[in-house]
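Undergrad:
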Amino acid sequence: MATRTATSTIGSGQVGRSVRRLEGAAKVTGRAEYVHNLRLPGMLYGKIVRSTVAHGRIRAIDVGAARALPGVHRVVTIADIRAVVPEPFYGPAFHDQPILAVDKVHYVGEPVAVVLAADPHVAEAAAQLVVADYEELPAVYDEVEAMTSAAIVHDVLKPAGTFPDLKHLQGRRNTNVALDFHLRRGDVARGFAQADHVFEHTFRTQQVLHLPLEPFVTVAEAADDRLTLHTASQSPSFVRIEIARLLGWPENRVRVKVPYLGGGFGAKLYIKLEALAAALALLVRRPVKIALTMEEQFYTLTKHASTFRIKSGVKDGRITARHCEVWWNGGAYADIGPRIAQKSGFTASGPYDIENVYIDSYSLYTNLTPAGALRGFGIPQLVWAYESHTDMMARALNLDPLAFRRDNILREGRPQATGTPMQDAAIVAVLDRLATRMNWGKAFDRGTGTIRRGRGIAIGFKASISPTTSIAIVNVAADGSVTLYCSTVDMGQGSDTANAQLVAEVLDIKAESVTVVHPDTDVTPYDMATLGSRSMFHMGNAVKLAAQDARDKIAALARELGLPKGSNVPVAELFQKKYKMQAGNIIGVGSYIPAYAPPDHDTGQTPNATPFWMVGAAGAEIAVDTETGHVRVTRLVNVADVGRAVNPRIVETQLSGAAIMQLGFTLQEKIELDGGQIVNASLADYKIPSLLDIPPDMHSEVVEAEQHSGPFGAKGVGESGTFAVSPAIANAIDDAVGVRLTSLPLTAETLYRALRAAANDPLED
Amino acid sequence: MIPFELAEPASLGEAIKLLDPDDASVRPIAGGTALMLMMKAGVFRPARLVSLRAIRELSAIATQPDGSLRIGAMTPLSVLERSAAVRAHAPVITQTLRTLSNVRVRNVATVGGHLAHADPHMDLPPVLIALGAHIAAAGPAGERTIPVEALFAGYFATVLRRDELITAVMVPAQGTRRAAYLKCTTRAVHDWPALGVAVSLDRDGDSIRAAKIVISAATEKPVRLPGAEAALRGGCDDAALRRAGDAAAEEAQTISDGQGSAAYKRQLVRVYVARALAAALDRAGATH
Amino acid sequence: MNRTIHFTLNGESVAAEIAPHQNLVEVLQQRFDLFGARESCAQGLCGCCTVLVDGSAVSGCLFLAAFADGSEVVTIEHLAANGKLDPIQQAFIECGAFQCGFCTPGFILMTGQLISQHPDPDDDEIRHYLAGNLCRCAAYPEIIEAVKLAARNMRKGV
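Just so you know, the protein sequences line up as chains A, B and C, in that order. So for the first sequence, the working numbering puts the first residue at 1; every next one is plus one. So for the second sequence, the working numbering puts the first residue at 766; every next one is plus one. So for the third sequence, the working numbering puts the first residue at 1054; every next one is plus one.
What follows is the structure, encoded as structure tokens:
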């Protein structure tokens, strides 16, 4: 096995080529495999009965009428589940989430029972007949209120044993704080005291949804003391380990298979339906499929709403001190929220060189649908605040927003707030390229009459999650054809194609000739998960090492066969020579884990916070209809540092796709609540961008800047396009009409009201 | 969805017999795009659906001797959209259809179903009211004619009886009248309207005759705004259009929902009524 | 209350026993193992369930299967039935006009309808015609490009 730092090799032209997606034909013919398509003999459909109250003690669940409906196989509550899973609590950071509600419900939509039937229509009809009786409890929905609220979501905190930095939270009571992260650098109090100007603003983001068009779906089958899960999951290895833990089984009795995903965006991580489907299959000894509806996605996982209070001291045009307080609305279960509060929290002061930094970042429980990572792992929420703040300061100081950023930007080699020196982060190059593409120094048509135009820029950065492992296997068959085994999930980002390119580059073959085996934990090796733009870097390094290992073994075989060094004998002939027939394999293995130093618990300081930095900047030109507040984005420019683009075409689609998604979160999308009840849980009322919502002029561009530790200089790109879109647009609105919006989304009504308020003629409520 | 009986009569008379004046769980189904949504959401659980799809007599578009255009109730919206007769008769209908729902829904949904559904967010009702259209409705007692303006009783409610069916829409000859429809959305460009404004007017030099101004979506049903119409009697310069907008905002009973507050929608009414009038007058600045 | 419907499916005469409350997508999946039309939003808004009935695109999730009786139904699987991708499919691959692929069959079928009505569509026509199809991966710029390429190739008879 090759475990070492990847080194650069001379390529064969496979990396850097816009190879068409390997699965293209399968997708355009409708034949691509999704779990959605899977039906097994004897399969039952499970329909979930969900809580109608936000916080309450379960008095009783009456399943009589549901059970009596013809065609119903079984109605299951937590008491039944406990027969097969005695301790039915799961989660990546906290073991707080039950397979079905235990004693209490913590949000509207929480699963409390399941109906099983061979006909999904019957299961659905029966689910509506289940009646649960609750004793309602006080609830809390707002993340800032949750800090001090008398309503406590969980009686006691139950962190998973896996994270040392969560240990201090074990057994805590009377708190909604699931994690408090602190960073201390320099002396902010002195910084503020010595500053010429001090600015303080508060920004908010709303609760939004991943909304993959393939909703969550899992099929479980149990046979002969083994369990197989076919699941639309971004983290098959995690699912295997967590299900094995819940069942008290060894990992090798749990098999997790993942075909293509119809989108993920961070929703389909950790355990979603898998534990429930597994328990049901074990309980009834028949295959069970649970396929959620679009509506049910709203009751499964959201993106964190957040509040960010940011305060900066400026002296002679330089930001000298920054105080950040961030509250993350984690909903009823922690999911990966605490990791977001920490891993993203430490970049809350932005890509600026600031001597004195103070960050408090809190992950909070509330009585809402749980929140998790969504294309950016918390970063878009932070950039929204610090880049709006940057522009507000520049405006107040009468400084050009670009010049103000340039004067404060975090340059290569300088320490970030954690103390980690910046390395291979093309922040300056990205900002410069954005300025060029925006024609920033040139005159700009500002509109007339009721149409006012403005432009804005913003830049953000992200530290990749760490430390995480990826393992890959490259199998060279006796005819020389090559198969890659890895557990990276292709949910649309093109990882199959990109990984094939890496293999092909090393082995000097065509990427199109490589077969990529989809995640199957019986077959493909461990990978932490497909998340946080980590795969291109982590799995990419593992894949490259595996291919190099195979290449070295091919060379060794040639030597063994007495061939001179550098001889060009085709691989198939080597096998033929050795085995006298078409037989045998060469197996190359690669395992990769980057170096990392955990942050100090009290100060957040570390010499090595992350294996790589991602940088994304956006510029927007917008037009405001001052009579209605409608904002039209006429031009949207995105620039990102992606290291080296392995597949330029796919990279560009990743950037623009991410930017458009964030455009939806900026202007359109919001989960609307009435108390704890979601009132717009459908695409009819929760509007995601369509072709008519995208700017007529969109430009996405890569600044190629070698990531020296990345495979062939590459790094992750899936999230960079989301970082800076929201503040760029808010900054452009301010530029156009002199009004500052501090809460997302920037709806027409919000802006119109702000315009009226600014004119001292507020619109009535 | 739960099982139900699906009846597929071949004639109008048969269909009417299959309906039940006293049973809300028996309903006619035409294209079914709206009913299916209600059934899937569990808000409508039919015992029997009476499909009108086999009734051939309901799907013709023909110009009548009096110059009006008669559109069979079972005409799919996409047929209406592409009809040369409709375009010649009232181009505003053709324009309205382009942004009405989406192509697939327009291929299946029918003009009769569109009206009978009485969702205030439908686009054609305000347009048809502005054009002075009527519907023909058939029931056990025979056929009657109802102005579209009088068809809607409230939110998702019409004046039709449960055993009455819309059979046709009649759009009178428009002569020199000009019309416009503006759809204002607030959550996405492509959405149901937060406000629909239809106007129809006859211009005589500097004055406007018999203007009709109708708003929908922002109100619980499509309504004419007589105050705004009256404000145009003084003329048709920009100031008159603004006065009409102000009068409209004054009299519109807007409602708050996910597409905006009542106060904001009043502002939209103010702006869009003036813009729709400008559009009908072919004046610049009509649309944003 | 079940009934047997007869229709033409991708060029072949077929029959299926259906319940009145089943929609067309369910029947295609359960009776004919065709999964290219898939229910996503369940409201006719996303276009993932697009099917052609008598030459017109419909949302299969809102279309009662009973209504398909006697009709001609075409699904995405018919486009490359002879093993050769059609020009729209080729253009989508060439332009990288998809990521996860879940919405792709719907976009491709709708593009076929669009080009049959507008052989040389401009941006505005494309955006309006396809506004009822949603792509959460937002490969929209590439989709516009693919539609234009397909239209160009089809006009040239490629």
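Glycine included, every Cβ here is placed at the ideal spot set by N, Cα and C.
Is P1172 (chain C) near the ligand GDP - that is, is its Cβ less than 7 Å away from at least one heavy atom of it?
TA: For the structure depicted, the ligand GDP is absent and the ligand set is empty, with no information on it obtainable.
Undergrad: According to DSSP, is E355 (chain A) helix, strand or coil?
TA: E355 (chain A): coil per DSSP, three-state reduction.
Undergrad: Show which residues of chain A have a CB atom less than 9 Å away from the CB atom of Y1029 (chain B).
TA: Under the 9 Å cutoff, chain A gives T628, G629, A748, E749, Y752, R753, L763.
Undergrad: Using beta carbons (cut-off 8 Å, strictly below), is L655 (chain A) in contact with chain F?
TA: Looking for chain F here will not work: the only protein chains present are A, B and C.
Undergrad: In chain A, which residues lie with their C-beta within 8 Å of the C-beta of F1088 (chain C)?
TA: In chain order: G30, R31, Y34, H36, N37.
Undergrad: Grouping DSSP H, G and I as helix and E and B as strand, with all else coil, what is K553 (chain A)?
TA: In the structure shown, K553 (chain A) sits in a helix (DSSP, three-state: H, G or I).
Undergrad: For P1073 (chain C), return the contacting residues in chain B, with the cut-off set at a CB-CB distance below 9 Å.
TA: Per Cβ cutoff of 9 Å: P768, F769, E770, L771, L814.
Undergrad: Could you pull the start and end residues of the alpha helix (DSSP H) that S237 (chain A) belongs to?
TA: Run containing S237 (chain A): 236-247, per the alpha helix (DSSP H) assignment.
Undergrad: Going by DSSP in three states, L777 (chain B) sits in which element: helix, strand or coil?
TA: In the structure shown, L777 (chain B) sits in a helix (DSSP, three-state: H, G or I).
Undergrad: Report yes if the CB atom of V773 (chain A) is closer than 8 Å to the CB atom of F665 (chain A), and no otherwise.
TA: With chain A running from 1 to 765 in the structure shown, residue 773 (chain A) is simply not present.
Undergrad: Which word fits D581 (chain A), buried or exposed, when buried means at least 16 other C-beta atoms lie within 10 angstroms of its C-beta?
TA: Looking at the sequence provided, one finds Met at residue 581 (chain A) rather than Asp. By the 10 Å Cβ count, M581 (chain A) comes out exposed.
Undergrad: CB C486 (chain A) to CB A472 (chain A), shorter than 8 Å?
TA: Going by C-beta atoms, C486 (chain A) is nearer than 8 Å to A472 (chain A).
Undergrad: At 7 Å on the CB atoms, spell out the chain C contacts of H121 (chain A), in chain order.
TA: Chain C residues near H121 (chain A): H1074.
Undergrad: Answer yes or no: do V49 (chain A) and V112 (chain A) have a C-beta to C-beta separation smaller than 8 Å?
TA: Against a cut-off of 8 Å, the Cβ pair of V112 (chain A) and V49 (chain A) comes out as a contact.
Undergrad: For chain B, is any of its Cβ atoms less than 8 Å away from the one on L692 (chain A)?
TA: It does: the Cβ of L692 (chain A) has a partner Cβ on chain B nearer than 8 Å.
Undergrad: Any Cβ of chain C within less than 8 Å of the Cβ of T7 (chain A)?
TA: For T7 (chain A), the pLDDT reaches just 35, beneath the cut-off of 50, and the residue's location in the model is therefore unreliable, although a value from the coordinates is still provided. No, no contact with chain C.
Undergrad: What's the gap between the Cα of F917 (chain B) and the Cα of R926 (chain B)?
TA: Their Cα atoms are separated by approximately 12 Å.
Undergrad: Can you list, in chain order, the residues of its chain whose CB lies under 6 Å from that of E908 (chain B), leaving out five sequence neighbours each side?
TA: If we look at E908 (chain B) and ignore the five residues flanking it on each side, its Cβ neighbours are A901.
Undergrad: Taking only beta-carbon atoms, is E1178 (chain C) less than 8 Å away from chain A?
TA: No, because no Cβ of chain A sits closer than 8 Å to the Cβ of E1178 (chain C).
Undergrad: When you compare each of A:G480, A:S533, A:E242, A:G710 to K553 (chain A) by their alpha carbons, which one comes out closest?
TA: Minimum Cα distance to K553 (chain A) is reached at A:G480.
Undergrad: Specify, as a first and last residue, the run of the beta strand (DSSP E) that T497 (chain A) falls within.
TA: First-last for T497 (chain A): 495-507, but that is the alpha helix (DSSP H), not the beta strand (DSSP E).
Undergrad: Considering only the beta carbon of each residue, do A838 (chain B) and A883 (chain B) sit closer than 8 Å?
TA: Contact: no.
Undergrad: Could you give the first and the last residue of the continuous alpha helix (DSSP H) run that contains V1078 (chain C)?
TA: 1077-1085 is the span of the alpha helix (DSSP H), which, as asked, contains V1078 (chain C).
Undergrad: Between which two residues does the alpha helix (DSSP H) containing H304 (chain A) stretch?
TA: First-last for H304 (chain A): undefined, no H or E at that position.
Undergrad: Taking C-alpha atoms, which residue in A:R644, A:I427, A:A189 lies nearest to A458 (chain A)?
TA: Among A:R644, A:I427, A:A189, the Cα nearest to that of A458 (chain A) is on A:I427.
Undergrad: Select from the segment 1150-1173 of chain C all residues with a C-beta closer than 8 Å to any C-beta belonging to chain A, and list them in chain order.
TA: Correct list: F1151, Q1152, C1153, G1154, F1155, C1156, T1157, P1158, I1161.
Undergrad: Distance, Cα to Cα, L229 (chain A) vs L574 (chain A)?
TA: If you take the alpha carbons of L229 (chain A) and L574 (chain A), they lie about 39 Å apart.
Undergrad: Using a Cβ cut-off of 8 Å (strictly closer), state whether E214 (chain A) contacts chain C.
TA: Interface residue, yes.
Undergrad: What does P689 (chain A) reach in chain C if we use C-beta pairs closer than 7 Å?
TA: In chain order: A1191.
Undergrad: Give the residues of chain C in contact with T293 (chain A), contact being defined as C-beta atoms less than 7 Å apart.
TA: Per Cβ cutoff of 7 Å: A1095.
Undergrad: So what does Q677 (chain A) bridge to, in DSSP terms?
TA: Answer is A:D674, bridged to Q677 (chain A).
Undergrad: Distance check for T828 (chain B) and P991 (chain B), CA to CA, integer angstroms please.
TA: So the alpha carbons of these two residues sit roughly 30 Å apart.
Undergrad: Within 10 angstroms of its Cβ, does K167 (chain A) collect 16 or more other Cβ (buried), or is it exposed?
TA: The residue is exposed, with fewer than 16 neighbouring Cβ atoms inside 10 Å.
Undergrad: Taking 8 Å as the threshold, find out whether the segment 580-600 of chain A comes into contact with the segment 395-404 of chain A through three or more Cβ pairs.
TA: The answer is no - the segment 395-404 of chain A does not touch the segment 580-600 of chain A, with fewer than three Cβ pairs under 8 Å.
Undergrad: Quick check on DSSP: helix, strand or coil for P86 (chain A)?
TA: If DSSP states are grouped into helix, strand and coil, P86 (chain A) belongs with coil.
Undergrad: For C1114 (chain C), which of helix, strand or coil comes out of DSSP?
TA: In this structure, C1114 (chain C) counts as helix in the three-state DSSP scheme.
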